[in-house]
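The block underneath contains the structure these notes are about, expressed in structure tokens.
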Amino acid sequence: MYPSPARHPAAAGSQPAAGPIKFTISDTLERIKEEFNFLQAQYHSLKLECEKLASEKTEMQRHYVMYYEMSYGLNVEMHKQTEIAKRLSGIIGQVLPFLAQEHQQQVASAVERAKQVTMSELNAIIGQQQQHGLQQLLIHASGLPHGVGAGALLGAGGLLFPGAGPPAPHLPPPAHKDSDAEKSDQDLVVDVANEQRDSYIRSVKLLPDGRTLLVGGEASNLSIWDLTAPAPRMRAELTSSAPACYALAISPDSKVCFSCCSDGDIAVWDLHNQTLSKESSSVLSCDISADDKYLVTGSGDKKATLYEVLY
1 MYPSPARHPA AAGSQPAAGP IKFTISDTLE RIKEEFNFLQ AQYHSLKLEC
51 EKLASEKTEM QRHYVMYYEM SYGLNVEMHK QTEIAKRLSG IIGQVLPFLA
101 QEHQQQVASA VERAKQVTMS ELNAIIGQQQ QHGLQQLLIH ASGLPHGVGA
151 GALLGAGGLL FPGAGPPAPH LPPPAHKDSD AEKSDQDLVV DVANEQRDSY
201 IRSVKLLPDG RTLLVGGEAS NLSIWDLTAP APRMRAELTS SAPACYALAI
251 SPDSKVCFSC CSDGDIAVWD LHNQTLSKES SSVLSCDISA DDKYLVTGSG
301 DKKATLYEVL Y
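Take the sequence shown: its position 85, counting from 1, is numbered 85 in the UniProt record's numbering, and each next residue is one higher.
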């Protein structure tokens with residue numbers, strides 16, 4: 001009538017039920033610390049990768065601007081040469097009827113041959129002309145006085161540099177350089193004390209008072225030069241985050257300088273020292289109106305932008 005008790009009660013309680021694993025507070029904190037260190041290392045690695053990509057982007061942007069300027073210059077030169085060829089063809093067409101019959105045939109055949117010249121043939125002709133000019137130059141150099149050899153007349157690529165040789169010992173070096181009176185009546189200041197150049201200069205602006213010169217180029221800083229001293233000296237440097245400055249503009253009152261940077265920023269210096277705006281492409285040129293109210297910029301995306309300057 002009553003249920004019989006278990007024969008082996010000890011055996012029934014020998015296998016406890018499996019429960020969840022319990023962690024102590026110290027173990028949990030240790031795991032959180034390890035995960036935080038792992039995430040921090042990943043963040044640091046991603047940050048370095050982003051900085052590397054940003055620098056590569058800036059470098060690619062600089063190369064793009066350089067190639068854009070080169071292609072624009074080549075395009076202009078091509079159009080100019082095409083226009084010259086058209087004008088020469090027109091002149092030949094006008095002069096050709098006045099020639100004798102045999103001369104007309106010779107000129108016509110020569111024009112046809114010129115139209116069929118390939119680039120390889122043109123390069124071969126240019127090379128022959130350069131070789132002939134080099135031989136003539138060496139013959140001329142052999143007849144020069146002792147101490148002036150061919151090395152003084154030839155530079156890289158076989159170009160002629162008449163002033164490349166050392167000056168004669170009996171002639172003193174020139175003490176000064178005069179400016180070209182047909183182009184300017186002001187003295188030309190030339191700094192020959194330091195021949196080293198750290199970067200490529202892209203823009204130079206002289207203040208209206210003629211005492212201060214601003215220089216910008218393939219560097220992150222703008223240099224301000226004092227021209228009142230006997231020898232031009234650098235007065236100060238303006239450092240920006242952009243790797244290059246493509247253009248400079250000075251306000252009529254000589255108090256504000258606008259610099260067009262390669263990263264698209266237009267920086268305002270001297271008074272506010274702040275960024276005015278940011279364009280969608282690198283700013284290549286800028287200028288300011290005479291009334292000091294408007295600033296116009298030209299960018300690499302074939303766009304001119306007009307800004308109203310508010311001080």
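Backbone N, C-alpha and C fix where the C-beta goes; we use that ideal spot for every residue, glycine too. Note that this is a predicted model, so its numbers are computed, not measured.
On the DSSP letters alone, give me the boundaries of the alpha helix (DSSP H) that residue i sits inside.
{"i": "residue 107", "result": "101-115"}
{"i": "residue 304", "result": "That residue, residue 304, is in no alpha helix (DSSP H); its beta strand (DSSP E) goes 303-308."}
{"i": "residue 54", "result": "25-95"}
Using CA coordinates, which residue listed in the options is at the minimum distance from residue i?
{"i": "residue 255", "options": "60, 268, 34, 262", "result": "268"}
{"i": "residue 55", "options": "297, 244, 252, 116", "result": "244"}
{"i": "residue 260", "options": "216, 136, 209, 223", "result": "216"}
{"i": "residue 92", "options": "35, 79, 112", "result": "112"}
{"i": "residue 253", "options": "290, 234, 108", "result": "290"}
{"i": "residue 234", "options": "28, 241, 223", "result": "223"}
{"i": "residue 200", "options": "246, 213, 240", "result": "246"}
{"i": "residue 204", "options": "67, 287, 63", "result": "287"}
Spatial neighbours of residue i within its chain, please: CB distance less than 6 Å, with the 5 preceding and 5 following residues excluded, ordered by chain position.
{"i": "residue 122", "result": "none"}
{"i": "residue 32", "result": "none"}
Note down the Cα distance separating residue i from residue j, rounded to an integer number of angstroms.
{"i": "residue 186", "j": "residue 48", "result": "Residue placement at residue 186 is flagged as unreliable, the pLDDT there being 48, under the threshold of 50; a coordinate-derived value is accordingly withheld."}
{"i": "residue 228", "j": "residue 211", "result": "6 Å"}
{"i": "residue 304", "j": "residue 129", "result": "44 Å"}
{"i": "residue 219", "j": "residue 106", "result": "57 Å"}
{"i": "residue 307", "j": "residue 262", "result": "18 Å"}
{"i": "residue 118", "j": "residue 127", "result": "14 Å"}
{"i": "residue 297", "j": "residue 87", "result": "35 Å"}
{"i": "residue 25", "j": "residue 46", "result": "31 Å"}
{"i": "residue 226", "j": "residue 238", "result": "14 Å"}
{"i": "residue 250", "j": "residue 71", "result": "29 Å"}
{"i": "residue 124", "j": "residue 264", "result": "44 Å"}
{"i": "residue 76", "j": "residue 285", "result": "18 Å"}
{"i": "residue 41", "j": "residue 51", "result": "15 Å"}
{"i": "residue 78", "j": "residue 230", "result": "45 Å"}
{"i": "residue 116", "j": "residue 102", "result": "22 Å"}
{"i": "residue 133", "j": "residue 81", "result": "24 Å"}
{"i": "residue 208", "j": "residue 37", "result": "59 Å"}
{"i": "residue 236", "j": "residue 59", "result": "26 Å"}
{"i": "residue 57", "j": "residue 114", "result": "45 Å"}
Counting along the chain, where does the beta strand (DSSP E) carrying residue i start and finish?
{"i": "residue 233", "result": "233-239"}
{"i": "residue 369", "result": "What the structure shows of the chain is the stretch from 1 to 311, and residue 369 is not part of that stretch, so it cannot be assessed."}
{"i": "residue 259", "result": "257-261"}
{"i": "residue 265", "result": "265-269"}
{"i": "residue 210", "result": "Looking at the DSSP string, residue 210 is not in any beta strand (DSSP E), and its letter there is neither H nor E."}
{"i": "residue 247", "result": "245-250"}
{"i": "residue 226", "result": "221-226"}
Note down, in chain order, each residue of its chain lying with its Cβ closer than 8 Å to the Cβ of residue i, except the 5 sequence neighbours on either side.
{"i": "residue 96", "result": "104, 107, 108"}
{"i": "residue 83", "result": "none"}
{"i": "residue 110", "result": "none"}
{"i": "residue 240", "result": "220, 221, 222, 259, 261, 265, 267"}
{"i": "residue 294", "result": "288, 306, 307, 308, 309"}
Among the residues of its own chain, which have a CB less than 7 Å from the CB of residue i, if the five just before and after it don't count?
{"i": "residue 242", "result": "220, 261, 262, 263, 265"}
{"i": "residue 257", "result": "214, 248, 250, 269, 270"}
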